[in-house]
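Counting from 1 along the sequence shown, just add 229 to a position and that's the residue number in this note's numbering. We treat Cβ as the ideally placed atom computed from N, Cα and C, and that holds for glycine. Here the structure is a predicted model, which is why all the values come from computation and not from measurement. Have a look at the structure below, then the notes.
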Amino acid sequence: HLEAIENFVLTGDYKAAEEIKVEEEIKDFFNSLKERSKTENHIDGYKTALKIEKKGYAQYEKFYREAKDEKEKRFFKFLIEQEKAHIEAIVNVYSYITQTGDWFEQEESKIWNWMNI
230 HLEAIENFVL TGDYKAAEEI KVEEEIKDFF NSLKERSKTE NHIDGYKTAL
280 KIEKKGYAQY EKFYREAKDE KEKRFFKFLI EQEKAHIEAI VNVYSYITQT
330 GDWFEQEESK IWNWMNI
């Protein structure tokens with residue numbers, strides 16, 4: 230979050246701060262860890278992470294609605310977009326781990342969408 234917030238503060242535009250690739254950061258993090266087997270604890274970890282991100286999302290939405298000026302609204306909108314990207318990334322990884330076949334089918338249909346007749 231810190232790097233994205235710093236970019237937002239410098240530019241004043243949350244779209245410019247979106248250049249930080251969430252999925253790349255997550256991939257790099259997991260690549261830095263030793264190879265681990267898929268266990269129930271990992272799945273529970275993703276469930277917990279998703280709950281935390283959703284709570285953050287809801288809290289930022291509340292702050293957005295209560296914001297007094299446009300600058301505050303833009304800042305909380307930026308944080309909402311960050312949380313949304315985190316939620317999407319976690320759901321993507323969770324789906325891959327728990328429903329690998331379905332995940333591949335869905336991802337392939339995004340790439341080969343012309344085949345979706």
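Subject >> First and last residue of the uninterrupted alpha helix (DSSP H) at Ala318 >> reply: Here the question's residue 318 lines up with position 89 in the sequence shown. Element bounds for Ala318: 299 to 327.
**OP:** Assuming Phe305 and Tyr293 form a contact by the criterion Cβ under 8 Å, report the distance between their Cβ atoms to the nearest whole angstrom.
**Re:** As a first step, residue 305 is located in the sequence shown; it is residue number 76 there, counting from the start. As a first step, residue 293 is located in the sequence shown; it is residue number 64 there, counting from the start. Contact between Phe305 and Tyr293 is confirmed by a C-beta separation of about 4 Å, below the 8 Å threshold.
Original post:
When we look at the beta-carbon of Glu336 and count the other beta-carbons within 10 Å, is it buried (16 or more) or exposed?
Top reply: Taking the first residue of the sequence shown as 1, we reach residue 336 at position 107. For Glu336, the number of other beta carbons within 10 angstroms of its own is below 16, and it is reported as exposed.
Original post:
Grouping DSSP H, G and I as helix and E and B as strand, with all else coil, what is Ala296?
Top reply: Your numbering for residue 296 matches position 67 in the sequence shown. Assignment of Ala296 by DSSP, reduced to helix, strand and coil, places it in the coil class.
Original post:
Between the C-alpha atoms of Lys283 and Asp298, what's the straight-line distance to the nearest angstrom?
Top reply: In the sequence shown, the residue the question calls residue 283 occupies position 54. In the sequence shown, the residue the question calls residue 298 occupies position 69. So the two alpha carbons sit approximately 25 Å from each other.
Original post:
With 16 other CB atoms within 10 Å as the buried threshold, where does Ile350 fall?
Top reply: Any property of residue 350 remains undetermined from this structure, which presents the chain solely from 230 to 346.
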